[in-house]
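Report on the following structure.
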Amino acid sequence: MTSPARPAPLAARLRSALPPVLVLAGAVGYLGVVPLVDELHAVPGQVPPWVHAALVVLQAVALLLRVRYPVVVFGAVVTLDLVILGSTGGELGIGSFGVILATYALARHEERRTVIRTLVAGAVATTVIGGIAMAFGSSEEPLILVFAAVARIVLQYVLPAGVAEYARGRERLLSAIEDQARMAENERRISVQNDLRAERTALARELHDIAGHHLSGIIVSAQAASALVERDPERAREMLRTVQSDARTTLVDLRRTVGLLRSDDADAQGGGDGSTLGPATTPTIAAIPELVEAARSRGQHVAYTVTGEPRVLGPLAETAAYRTVQESLANAARHAPGAVCRVAVRFEADAIELTVTNAASSQRPASPSRDGYGLWGMRERAELIGARLTSAPTDEGGWRNRLTIPDEHRADQQGLDQHLPDQHRSDS
61 MTSPARPAPL AARLRSALPP VLVLAGAVGY LGVVPLVDEL HAVPGQVPPW
111 VHAALVVLQA VALLLRVRYP VVVFGAVVTL DLVILGSTGG ELGIGSFGVI
161 LATYALARHE ERRTVIRTLV AGAVATTVIG GIAMAFGSSE EPLILVFAAV
211 ARIVLQYVLP AGVAEYARGR ERLLSAIEDQ ARMAENERRI SVQNDLRAER
261 TALARELHDI AGHHLSGIIV SAQAASALVE RDPERAREML RTVQSDARTT
311 LVDLRRTVGL LRSDDADAQG GGDGSTLGPA TTPTIAAIPE LVEAARSRGQ
361 HVAYTVTGEP RVLGPLAETA AYRTVQESLA NAARHAPGAV CRVAVRFEAD
411 AIELTVTNAA SSQRPASPSR DGYGLWGMRE RAELIGARLT SAPTDEGGWR
461 NRLTIPDEHR ADQQGLDQHL PDQHRSDS
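For the record, in the sequence shown the residue sitting at position 77 is 137 according to the numbering used here, with numbers rising by one throughout.
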């Protein structure tokens with residue numbers, strides 16, 4: 061069972077009623093003009109003017125249903141116009157405006173084959189009846205009568221049908237563009253989901269490698285220390301320090317990696333609208349140019365600069381840097397479409413600074429923002445590596461995200477101190 065149709069807005073109703081009202085106004089105007097004519101017989105034919113006006117009123121009433129029943133309304137309006145033509149020797153054209161509106165509605169709302177057949181029938185009827193009426197009731201020259209008949213066909217049928225066909229073509233074009241945009245959006249979402257799955261797989265593999273490598277070393281060192289505890293206590297203490305160091309490193313890396321593993325829903329909310337723009341492999345700062353090119357290929361205006369001597373960071377810091385740029389570009393695409401973005405990477409002596417700035421947008425975003433998972437995710441990644449993230453609007457109305465990553469050793473030590481009890485923190 062279908063739900064009842066929602067009432068059309070008032071403006072749409074007024075637009076729909078305007079053509080019949082204009083036809084009705086023509087009938088009223090016709091009655092107002094006739095008494096001003098000195099001789100009543102100046103109006104062609106012997107039929108009283110109010111009869112012609114009544115026929116035009118019937119046209120206006122029929123036109124109220126022109127969208128729902130275009131063929132029936134067209135036939136009724138043309139028939140009424142032919143009655144007017146036949147009773148006035150083909151010289152009174154007050155019914156022509158109604159025919160024009162009926163022709164437009166027919167060509168606008170019916171399939172092309174039906175439109176052609178119906179218009180041909182109407183044009184033939186108008187030509188035959190109008191021609192006969194003019195031949196017997198008009199004193200004009202034959203050439204003028206032929207010209208009048210051709211002009212009536214063009215005005216009442218050809219031009220309105222052409223305008224309606226143009227409107228239908230434009231409507232089809234806009235509909236095709238919207239369908240293409242929806243398909244592209246669906247494909248992009250599917251691609252994003254696939255990239256997110258690939259990213260989680262890579263992170264899971266990284267987690268396995270970290271645990272396997274460090275835990276194996278811890279086991280070997282612990283066994284060696286156990287064997288040397290009586291024979292070489294100093295060597296045993298050295299092995300235990302190795303165990304302690306490996307355990308600390310494992311703890312930090314595991315906590316960071318686990319923090320990057322998100323559920324499908326959280327990732328979709330944080331970056332499901334375009335956060336994955338680059339390669340699905342483990343991301344690095346060196347891959348940011350590819351990320352920028354991918355954003356450009358999707359229509360974003362992105363400028364990219366690098367200052368200082370590039371150097372490689374640890375995998376978690378590289379991932380955080382890449383994801384911050386990635387999410388910033390995605391946020392700019394969502395919330396500031398068409399705005400110019402600037403990505404700047406600066407390698408300093410004791411830190412690496414990544415800045416993504418987008419200008420204010422003159423366009424409205426495709427959909428309003430409904431969550432803050434993207435910014436929350438960037439902040440979490442920054443905290444996991446001991447970095448600092450600042451996010452704030454610019455003076456020009458844009459937005460800026462800046463991630464400052466300390467030297468890799470300092471960042472690791474900072475994260476280590478956050479996760480270990482006081483008695484187990486490094487003394488260095």
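Glycine included, every Cβ here is placed at the ideal spot set by N, Cα and C.
DSSP links residue 361 through a beta bridge to 400. In summary, residue 418 is buried, with 16 or more beta-carbon neighbours lying within 10 Å of its beta-carbon over all protein chains present.
A check of alpha carbon separations from residue 176 across 134, 457, 211, 435 identifies 134 as the nearest. In the structure shown, the three-state DSSP call for residue 414 is strand. Residue environment for residue 379: buried (at least 16 other C-beta atoms within 10 angstroms of its C-beta). With a threshold of 16 other beta carbon atoms within 10 Å, residue 232 falls short and is exposed. Residue 381 places its beta carbon 7 Å or farther from that of residue 421.
Residue 452 carries a strand assignment under DSSP once its states are collapsed to helix, strand and coil. The three-state secondary structure of residue 124, taken from DSSP, is coil. Leaving aside the five residues that flank residue 352 on each side, the residues in its chain whose CB is nearer than 7 Å to its CB run, in chain order, 362, 364, 403.
For residue 462, the pairing in a beta bridge is given by DSSP as 415, 450. The three-state reading of DSSP puts residue 405 in strand, counting E and B together. In the three-state reduction of the DSSP assignment, residue 289 falls in the coil class. Taking a 10 Å sphere around the C-beta of residue 216, we find 16 or more other C-beta atoms and assign the residue as buried. Rounded to whole angstroms, residue 229 and residue 168 show a C-alpha spacing of 10 Å. Between residue 466 and the set 438, 460, 437, 408, the nearest pair of CA atoms involves 408. Minimum Cα-Cα distance from residue 219 among the listed residues 251, 166, 235, 253 corresponds to 166. Residue 462 sits close to residue 415, with the two beta carbons spaced by under 7 Å. By the CB criterion at 7 Å, residue 113 and residue 137 fall outside the cutoff. Counted as a single uninterrupted DSSP element, the alpha helix (DSSP H) harbouring residue 375 occupies residues 375-395.
In the three-state reduction of the DSSP assignment, residue 367 falls in the strand class.
Counting only runs of at least 4 residues, the region 161-215 fully encloses the following alpha helix (DSSP H) elements, listed from N- to C-terminal order: 172-197, 202-213.
DSSP places residue 136 inside the alpha helix (DSSP H), whose first and last residues are 130-147.
It is roughly 19 Å from the alpha-carbon of residue 437 to the alpha-carbon of residue 374.
Linking residue 457 to residue 350 through their CA atoms gives a straight-line distance of about 28 Å. Close CB contacts of residue 412 within its chain, under the 6 Å cut and outside five residues either way in sequence, are with 465 (chain order). Judged by beta-carbon spacing, residue 368 lies within the 7 Å limit of residue 406, meaning their Cβ atoms are closer than that value. Spanning the alpha carbons of residue 292 and residue 452 requires a straight line of approximately 58 Å. Taking a contact as a CB-CB distance under 8 Å, the pair residue 178 and residue 131 counts as one, their CB atoms being some 6 Å apart.
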